[in-house]
Amino acid sequence: MAQELYSVEQVANRLGLHVRTIRNYVRDGRLKAVRIGKQYRISREDLEEFTGAPTAVVDVDRSARHVEASSIVHIDAVDRATADRITTHILGALNQPEAVNLKAETIYDEDRAVLKVIVLGNLPATADLLRLINLMADQ
Numbered sequence: 001m002a003q004e005l006y007s008v009e010q011v012a013n014r015l016g017l018h019v020r021t022i023r024n025y026v027r028d029g030r031l032k033a034v035r036i037g038k039q040y041r042i043s044r045e046d047l048e049e050f051t052g053a054p055t056a057v058v059d060v061d062r063s064a065r066h067v068e069a070s071s072i073v074h075i076d077a078v079d080r081a082t083a084d085r086i087t088t089h090i091l092g093a094l095n096q097p098e099a100v101n102l103k104a105e106t107i108y109d110e111d112r113a114v115l116k117v118i119v120l121g122n123l124p125a126t127a128d129l130l131r132l133i134n135l136m137a138d139q
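Structure below.
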């Protein structure tokens, strides 16, 4: 069975202590740890021995997980009319029912002829919008 190992940062967060404090405990021999590369790893058993209490296993509720993407699209060699056309299509896509929790901003720099699109949202809706932007940019 695999041994559960914690990083110094994880132990510090669990105990509400600073990372340097945990490292000092390890260096002083007060908390057992193994060195893997340049980092220390503390086993669950050693942490329980150090604290004198069992370490609670945290059950993560994956159904509550929220995954989101943020993207910046840079399109160069774009004139004002093309930038407006792409922006209009993006705004239209944002008004679709499947675009829930999807946000997009466009910024056009006329001096450089560059359109930047900032997209924030869930993965499927973001992927769909990026595909649309790719189609529009290729025209």
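Per full-length UniProt numbering, residue 1 is the first one in the sequence shown, and the count goes up by one each step.
Backbone N, C-alpha and C define an ideal beta-carbon position, used for all residues, glycine too.
Identify the residues that DSSP records as bridge partners of residue i: which are they?
i: TYR108; result: LEU115
i: GLU49; result: Partner(s): none; GLU49 has no beta bridge.
i: TYR6; result: ILE42
i: ASN122; result: GLU68
i: LYS103; result: LEU120
i: VAL19; result: None; VAL19 has no bridge partner.
i: VAL26; result: Partner(s): none; VAL26 has no beta bridge.
i: HIS74; result: LYS116
i: ARG35; result: TYR40
Kindly indicate which three-state DSSP category residue i falls into: helix, strand or coil?
i: MET1; result: Confidence at MET1 is low in this model, with a pLDDT of 48, below 50, so its placement is unreliable and no value can be given for it.
i: GLN11; result: It is Val, not Gln, that sits at residue 11 in the sequence shown. Residue state, collapsed to three classes: helix.
i: ASP79; result: coil
i: THR55; result: coil
i: ASN134; result: helix
In whole angstroms, what is the alpha-carbon distance linking residue i and residue j?
i: THR82; j: PRO97; result: 26 Å
i: GLY16; j: ALA69; result: 31 Å
i: LEU123; j: ASP138; result: 22 Å
i: LEU129; j: ALA93; result: 7 Å
i: GLY52; j: ASN101; result: 45 Å
i: LEU132; j: ILE86; result: 9 Å
i: GLU4; j: ASP28; result: 22 Å
i: ARG80; j: LEU91; result: 16 Å
i: ASN134; j: THR106; result: 14 Å
i: VAL73; j: ASP46; result: 48 Å
By a C-beta neighbour count over all protein chains shown, 10 Å radius and 16 as the cutoff for buried, is residue i buried or exposed?
i: THR88; result: exposed
i: VAL67; result: exposed
i: GLY37; result: exposed
i: THR126; result: buried
i: MET1; result: Any reading at MET1 is ruled out, since the residue's pLDDT is 48, under 50, leaving its predicted position unreliable.
i: GLU9; result: exposed
i: ALA77; result: exposed
Using a Cβ-Cβ cut-off of 8 Å, state whether residue i counts as contacting chain C.
i: ASP28; result: You won't find chain C in this structure, because it holds only one protein chain.
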